[in-house]
Each structure stands twice: as C-alpha cells, then as structure tokens.
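Encoded as structure tokens, the structure appears first; notes follow it.
Residue numbers (my numbering): -3 to 969.
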C-alpha cells in the first residue's frame, strides 16, 4: 500500500509537469470606488476578440484580487458586480508572461441599485481557491439570532449533540474572527454569543500551521476553521448586544457580547448564562435522531478576547471562565450478543446524576518580525479546572428479553427485580458514587524562522512544552444480588474509596531545513526529539466492614472524610503506583513540487521510540521496557483548474501507542459486574487515512458542487476481549490487538438557484458511511475467544426547496437516514432502522411596525427499533413572533414557543460488534420564552450596501439543517 501510494505520487508529479501548458497570466484587483476596499466575489471574465466568445472567468478573492490563465491572444476582460457599473478592459495575453491590469475601480449604478431593491439576489455560497464563503445576507434569521443558528442553515453542515460542526464531512476545529484567533478552541464562545447582525461573511477553509504559512512548506498540520468577516459598520467602533429572556418551566437566558474594533486592534467581552441545555435550537431533525443531550444543563461563561497588530508585532489572547451544572436521568436497554450459549444477555438500567464543573483558561499568542528575514512566534497557555459529581444507578441483567414477559416494563421498576422476572434474572446492582477532581495545566510553543539568502531556503526551530498536575478522589458503593448463582453466593455489598494524584510533563524540540533543488522543487529535512513523563499513584481502600461509613448527597458534593485508622484498609490488589517514560526521535524527509496549479508533497518519517514503564503492585516493583521503530508516509496532492475548481488527495500513515493503564498487568474489580484487566503485550497500532475532496462553483449560475471520500483502516487496533460469566452475569474485558477494523465514507452536496428565477433555490446533501468493526468475545476463561464482526451501513439524504420574496419565504425540507447493522455472532438480530423528517416552514414580515412571524412544522419518525416505545411519530411545531423598534431596529421583543404539540423525545440507538442499545435521557423541549434584546452601536458607519440583515425564524432550523429560507438572496439596501 505504501509503495503504491509513493509510486502514484511520483507518476502524478511527472505527468502533470510534462503536460503543463505554457499559458499567459492576467492579474489585477477590483475595488469599490466609495471606499477603495477590495470587492469579494466580483466577476472577472475573458472574452476573445473579435468574436466576443467567453473563454474563462474567475471570482475575486477576499481582498479583491484575481488571477487567471489563458492561451495567447487578444481579449477584453469584463469586470462586474451586482449593483455596480461593469467595466471592459482590453488585454493581450502572451505565452509565459503576466499581464498586470492594476486596480480596477467599480462605481455604484444608481439605476441598477434601485431595481435591485426588489430583484437582486446574492449567492448563498461562493468559492475562491480552497475557501467556501457563506454570505450572511442570503440566509434569513431573526433579530438577535446567534452565529449557531446561521451555521445550521448552511448546505452540507451537520452539528451533532456534542456541538461538533462538520461541513462537507470535515470537522471544524476552531473559529476565527477576521483571521485572528477567537477564544482558542472554545467554539461555543462564538457560536452562542456572536450576533448574526454583526457578521458579513463566514469563510470555511483549512488554515495552515504557522510553519507552513511562513515557510511555504506544507507540513500537513492544518486545521479546519470558520473565519468570521464582520460588517463594515461593525468592524470600526463599538458594538454591543444584550439578550435577556425568561420562560415557562423556569427557563432563563442572559447574554451580552461587547466588541470594539479599529484599524489595528479588536476586543471582545462575553458574559452569558442560561438553563436551556446549552443546545441552541433544533435543526429540524429532532434531537431524538442523535440522542444524548446530557440531561438538563445550566452553563455560565465569561471571557475576554483581544488582538493587536502593527507592521512588526502581532499579539492576541484570551481569558475565559466557565461553570456548568448538570442534572441527568438516563434509561437504557442493552442487548449483548452471546452466540456460544444460544441466547443473548439483556441489561436494563436507570441512572441519576448531578454534577458541577468549573474551569479557567488563558491563552496568549505573540508574533514578532524583527526584520524581513526573521519571524518569532510564542504562544503560552494555562488552565485550571475542578469537577464534582454524584451518581446513583439501579440495573438488572436477564437471560431473556424482559419485554417478552412483562409487556409494560416500566422505567420505575428497574430497581429490585420484581417477582414476574425472577426466573430470567441473572443479577441486579444498586450503586452510588461521588467524585471530586482538580487539574492544573500549562504549556507553550515557540517557533523561530530565518529565511536565508537563496529564495526558498530557510531554517526553523520549534519547541513546545506542557505540564499538568491533577488529583482525583472517589467513593463508590455497590449492592449486588445474584439470582442464578449457587447457594451461599447470593450477593454482596462493597465500599471503595480511591485517591489518584498524577503528574504529566513533556517537551519537544524540532529543527527544520528547506532547500530549493530546482525551479518549483524543494527538499525539506526535519528532526525532532520528544520526551514525556507520567506519574500516577492510585490508593484504594476497602471499607466493606465499616457498616456506619456511608455516603450522603450534600449541596457541596463533598466526599465523607476518611475514618480513623483508614491506612489498614488499603487494598494491595486495587492500589498501584506507576511511572511511564517515552523518548521519541522523528526523522523526516519531504519533497515538495509547486506550480501555479499544482501542489504535491511526498515524504516519509522514521520514528524510533523507547518506552519505559515502572509500577508497583502487591508491593512488588516491576519495570517494563520496549523499543519500537515506526515509519509514517505522507502524501498531499492538490490541483486547481481555477480558483473555483480544485481537487485534493491526501494520504497519511500514523502510529498510536497503547495507553499506560492498558499495559499494566493488573485486574481491576472495583465494579464487580464489569472487571477490567491490562495487557503488557499490546502492540502499537498503525492507521492508514486517505481523503479525496473535489469542489467547484459556478459564479454566474450560483451553483456549487462538492464531493468527498474518506477511507481509514487500522492495523493492530486495540479491541476489548470480553469474557462472560453466565452464572453471575459479570463481564471481564482485556485489551488485545486485532485486525480488520476499517471505515469508508463519502458525501455529495449540490446547491443552486433555478436559472429562470433566482427567487427559487434548492439544495441536496447525500452522505454514506460503512464501518467494519471487529472484536473478541468468549464465555469463560477456558473457552477460546470468538472474533465478532459487525458491519454497519449508514445512508442519509437531505433535500430542500425554497422560495423567497421581499417579505415572505417558504421552504419544503426533507431528511432521511437509513442504518443497517449485521453481526456475525447474531445474524438473526440484524438492525434496519429508518429515521426521517419532512415538513414546511414559512416566514412573513408584516408591512407595519417591523413585526415578523415565523413557524415550522415537521413530522419526525423512527422505524425499526427493538423497543416498541422508540418507534414513534413526532409532529414538531415551533413558532415565533417578534417586533423591533427604535433606529436600526435596536430594540426587539420576541416570544418563542417550542414543541407546541409536546411530542419531541430523546431516544438514541447504538450498535457495536458485541451489542446494541437503546437509551433515553431527560430533557425539556416544550416551553415558552419571552425575550428582549438591545443592540448598541456607536460606530457611526453606514450600513453595508451589499446586504442587510435577513429576517426569519430564530432557532427553528428545518429538517436536514436547511434554512427556512433555503439559499435565499437579499435586498440591496
């Protein structure tokens, strides 16, 4: 596989270089006459002379610049933008030469602008190079909406229950503001606190690492980002937005975001609190399709972010504090496949938990350019966090599905197994636990780059460090009963108290050198050394004999104090002290070939690694040492036909080491029904990852097309080998290496306006994934393990049709997802599940008092779940009425009604090679919120002439995450 990919990359390099055409280049910049600012997505088209036949065209980039290739000849370039007077410029293209058209100024067309108040439509998405640009004005949202509601409406976007954002299959790592870091990796600070009113465009692209940006050498360490471009009236001055709300069932919301911008700096302060589960609003598919939700959540957050820049210095950073209270109740039903005994195991449980988490984080980034040849970047960070949690659960395990005997197996009956189920019960467990955790960490990165005299030659030194210190305390009780065991082993009570302080540190040193070998071809050499250390000291005390030592839930989640003479209860079998040291050398050779249209990187990394682990168990000191040698290939290929059309192919091989706890040869039976063992013989895993992405965008037709495919397989992946005790129902798991785990996925998205009438738009997003999961299972310690295979296929489709007029828009949206799972150990229990949703939405702006009404109706259905209660039809109806007053609609009153028909639920399904499970978590969906929002703006800037704020429905995204207005245009104000 590795040899094939390396050979393929070399063939691509030779083929593209041999067929490169000698064309001419036309470059320039388009600016607006009123302010001399670059115009984004202006159209530049070349027509041949004298026949005026269209040859090639591009859209300007984010600074108004453009560059296009053409065969030698005479042309005229037509430069145009909606609402502006077009310009034609004659140009002669010569072989191998660049024609610079300079700055082209466009002036507003008064006649066109007047007409545009009714008919002009701005495309929802444009593309330039590897950047997708979403135009805010093309998506209708109401006054006061936050960024998250806007992003949900983008084509190809998926946001899961954990807030992870994926666009065209790629996960967004962080959010920037005007190209600068914005609260680090805490995306919620932007998603839930930045007003849509302030945002002009949202860019989606892969941000290169500082090393790649400065040296021009692609190191493969880019991260996917959303970059917020603020409106002109907001990006120079003071802007503040405050939102206050209160609703039924004691729901509340407070949010204030204050911004100050000028030519060289930007400052943002955020304060927010709510108890609306921190989930934003529904994307129209219903949270039941994703499950989770984490119970009831009440987050509070505050933060300050800044960025400053001059010719030689850039400095930025942030401080942020977060607090979160949680109240979660969960009901679950799990079926575990047991082919060796001819029947499966069924486990039902109910759990309740409360928790609170607090954290403080601070980041700083400094970039200094002492001269034109030197660049220095330093970025330190520090964090501190605490968490306190209490949980209680009752569960029962059966050798037959309890639903077959008791039709209405109520959630309240999950405690002691009642008489009707005694004959099939294996065990029951009533447990309670409480924990306190505290963690401090700090780290930093330093990069020094020096360009040498020869163009393309440079040397870079990089260093990083991190340190963390944590302490965890926990107390747990278990009351276990056995129903199938022999006399004398009917159950037991256990009490465990554990303390686990740990310390971790590591540092990394890296030196890089780049040498130009010939035109367009570069050699890069990298060497790095890393050293890491982990120290963990777990002490576990068994207090089974202390009948008076009990746990009590208290407001401060405080654990009971250790009893007098607690040292005598220390368990040698459950306590352990361990240290883990790793030293690693990376030697990398990378070749890079670059032309105007192609970028090819191919290289390999050799990684010798020494690991040493020392641990103390039962008073015996043991030292384990291991030396491994890994090779990691890396190929990245990109070809651009134009700024709107490109193909990317990436391959990366990577090695991962087993965790320290997995390597310890220790048995942990702190949970008597779920016993874990370590395996010191675990091998490292090696993963192959291939990604292909193609995108194109037609500016004139407002039509975009994206397709992607990903493949991943892991050699020596770590699986949990499960041994089941039929008598007690206990499961013992041990990590072991296994082959056969792989995953393939792909997707296709298309969005377009209907050519005959751009008021009509439509979009589609298709996604497919196939997962082959392999694991082990055995019935007892004497039997051989059986390899269990699960094949899971997921297909999903989203489709939206939209119509938008001046004061009215309507859309029809649909979403369907099909999941099929097959298990080799239980072929009769194959899963075929359908989740689908469909329905209309509408928004209407009344002609008086700026009153807006929004509503959506969708039918969400599930089919194929083993639990009959999960096969539901939920008719979800939401509505909002708002009115805005004062200049610039600064004051807005609104009322929102969620889940009017009270039909939304929170059920999810999970399937693995060993089991499948259904679960339900508590949540509040039906309530009414009354909101008041006020915007203060003393920027003094005039409104953006290229678009105003859209209207629409706040928080009620339609099925498939599509906009209620779809991909609408906007009125030019």
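Ideal Cβ placement from N, Cα and C applies to all residues, glycine included.
Option nearest residue 739 by Cα separation, candidates 135, 831, 710: Position 743 of the chain shown, counted from the start, is the residue given in the question as residue 739. 710 is the residue among 135, 831, 710 whose C-alpha sits nearest the C-alpha of residue 739.
Burial state of residue 149 (16 or more Cβ within 10 Å): As a position in the chain shown, residue 149 is number 153, starting the count at 1. Burial call: buried.
Check whether residue 714 and residue 658 have beta carbons under 8 Å apart: Sequence index remark: in the chain shown, residue 714 carries index 718 (1-based). Sequence index remark: in the chain shown, residue 658 carries index 662 (1-based). Between residue 714 and residue 658, the CB-CB gap stays under 8 Å.
Validate contact between the region 867 to 876 and the region 839 to 855 using beta carbons, cut 8 Å, 3 pairs: At 8 Å Cβ cutoff, the stretches touch.
Cβ-Cβ separation, residue 85 to residue 73 (assumed contact under 8 Å), whole Å: Translated into positions along the chain shown, residue 73 becomes position 77. Translated into positions along the chain shown, residue 85 becomes position 89. Right, the Cβ-Cβ distance comes to about 5 Å (below 8 Å), so this counts as a contact.
Meets three-Cβ-pair contact criterion under 8 Å: the region 192 to 208 and the region 257 to 267: Segment contact: the region 192 to 208 against the region 257 to 267, fewer than three CB-CB distances shorter than 8 Å; contact not assigned.
Exposure of residue 370, with buried meaning 16 or more beta-carbon neighbours within 10 Å: If you number the chain shown from 1, residue 370 lands on position 374. When all chains shown are included, residue 370 counts as exposed.
Distance CB(residue 831)-CB(residue 858) smaller than 8 Å: By one-based count along the chain shown, residue 831 stands at place 835. By one-based count along the chain shown, residue 858 stands at place 862. In contact: residue 831 and residue 858 (Cβ atoms closer than 8 Å).
Whether residue 190 touches residue 129 by CB criterion (8 Å): Stepping through the chain shown from its first residue, residue 190 is reached at position 194. Stepping through the chain shown from its first residue, residue 129 is reached at position 133. Residue 129 sits away from residue 190, with the two beta carbons spaced by 8 Å or more.
Residues that DSSP places opposite residue 303 in a beta bridge: By one-based count along the chain shown, residue 303 stands at place 307. Its beta-bridge partners are 262, 312.
Simplified DSSP assignment, three categories, for residue 244: Translated into positions along the chain shown, residue 244 becomes position 248. Helix.
Coarse secondary structure for residue 207, derived from DSSP in three states: Position 211 of the chain shown, counting from 1, holds the residue named residue 207. Correct three-state label for residue 207: helix.
Buried or exposed (CB count within 10 angstroms, at least 16 for buried), residue 627: Within the chain shown, residue 627 is the residue found at index 631, counting from 1. Classification for residue 627: exposed.
Secondary structure, alpha helix (DSSP H): runs of 4+ residues fully inside the region 757 to 816: As far as the region 757 to 816 is concerned, it has no whole alpha helix (DSSP H) run of at least 4 residues.
Residue range of the alpha helix (DSSP H) that includes residue 186: Taking the chain shown and counting its residues from 1, the one referred to as residue 186 is at position 190. If you look at residue 186, you'll find it in the alpha helix (DSSP H) that goes 184 to 187.
Every unbroken beta strand (DSSP E) inside the region 832 to 868 [3 residues or more]: Segments of the beta strand (DSSP E) lying fully in the region 832 to 868: 847 to 859.
Three-state secondary structure assigned by DSSP to residue 612: Your numbering for residue 612 matches position 616 in the chain shown. When DSSP states are grouped into helix, strand and coil, residue 612 belongs to the strand group.
CB of residue 318 within 8 Å of CB of residue 375, strictly: Counting from 1 along the chain shown, the entry for residue 318 is found at position 322. Counting from 1 along the chain shown, the entry for residue 375 is found at position 379. Between residue 318 and residue 375, the CB-CB gap reaches or exceeds 8 Å.
Residue 944 (DSSP reduced to helix, strand or coil): The count along the chain shown starts at 1 and reaches residue 944 at position 948. Confidence in residue 944 is poor, its pLDDT being 36 and thus under 50, which makes the residue's placement unreliable; the coordinate value appears in the next sentence. It is coil, neither helix nor strand.
Distance, residue 39 Cα to residue 103 Cα: Here residue 103 refers to the residue found at position 107 of the chain shown. Here residue 39 refers to the residue found at position 43 of the chain shown. Here the C-alpha atom of residue 103 lies approximately 14 Å from the C-alpha atom of residue 39.
Residue 339 - DSSP class collapsed to helix/strand/coil: Counting from 1 along the chain shown, the entry for residue 339 is found at position 343. Three-state DSSP puts residue 339 in coil, outside helix and strand.
In DSSP terms, what residue 511 is bridged to: Taking the first residue of the chain shown as 1, we reach residue 511 at position 515. In DSSP, residue 511 forms a bridge with 519.
Candidates 316, 226, 395, of which the one nearest residue 381 by Cα: What you label residue 381 is simply residue 385 of the chain shown in a count that begins at 1. If we check each option's Cα against that of residue 381, 316 comes out closest.
Residues bridged to residue 235 (per DSSP): In the chain shown, residue 235 corresponds to position 239, counting from 1. Answer is 255, 933, bridged to residue 235.
Unbroken alpha helix (DSSP H) run spanning residue 145, endpoints: What you label residue 145 is simply residue 149 of the chain shown in a count that begins at 1. Residue range 143 to 147 is occupied by the alpha helix (DSSP H) that includes residue 145.
N- and C-terminal bounds of the beta strand (DSSP E) containing residue 88: Residue numbering aside, residue 88 sits at position 92 when the chain shown is read from its first letter. According to the DSSP assignment, residue 88 belongs to the beta strand (DSSP E) that extends over 83 to 89.
Three-pair Cβ contact test at 8 Å for the region 922 to 935 versus the region 877 to 892: Contact between the region 922 to 935 and the region 877 to 892 is present: 3 or more CB-CB pairs across the two stretches fall below 8 Å.
Beta-bridge partners of residue 870, as assigned by DSSP: Start at 1 with the first residue of the chain shown, and residue 870 comes out as number 874. Beta-bridge pairing links residue 870 to 856.
Span separating the alpha-carbon of residue 475 from that of residue 388: Here residue 475 corresponds to residue number 479 of the chain shown, with the count starting at 1. Here residue 388 corresponds to residue number 392 of the chain shown, with the count starting at 1. When rounded, the distance between both Cα atoms is 12 Å.
Close beta carbons around residue 529, own chain, < 6 Å, minus the five adjacent residues each side: One-based indexing of the chain shown puts residue 529 at position 533. Hits under 6 Å: 501, 577.
Identified DSSP bridge partners for residue 430: Position 434 of the chain shown, counted from the first residue, corresponds to residue 430. Beta bridge pairing from DSSP links residue 430 with 386, 471.
Local conformation of residue 921 per DSSP, three classes: Here residue 921 refers to the residue found at position 925 when the chain shown is read from its first residue. Coil at residue 921, not helix or strand.
Other residues of its chain near residue 297: CB distance less than 6 Å, five sequence neighbours each side excluded: One-based indexing of the chain shown puts residue 297 at position 301. Excluding residues within five positions, the ones whose Cβ falls inside 6 Å are 268, 318.
Those residues which DSSP pairs with residue 61 across a bridge: Numbered from 1 along the chain shown, position 65 holds the residue referred to as residue 61. Answer is 25, bridged to residue 61.
Own chain residues within Cβ distance below 8 Å of residue 339, not counting five before or after: Numbered from 1 along the chain shown, position 343 holds the residue referred to as residue 339. Only 395, 396 meet the Cβ criterion.
CB contact flag (residue 350, residue 386, <8 Å): Stepping through the chain shown from its first residue, residue 350 is reached at position 354. Stepping through the chain shown from its first residue, residue 386 is reached at position 390. Contact flag set, yes.
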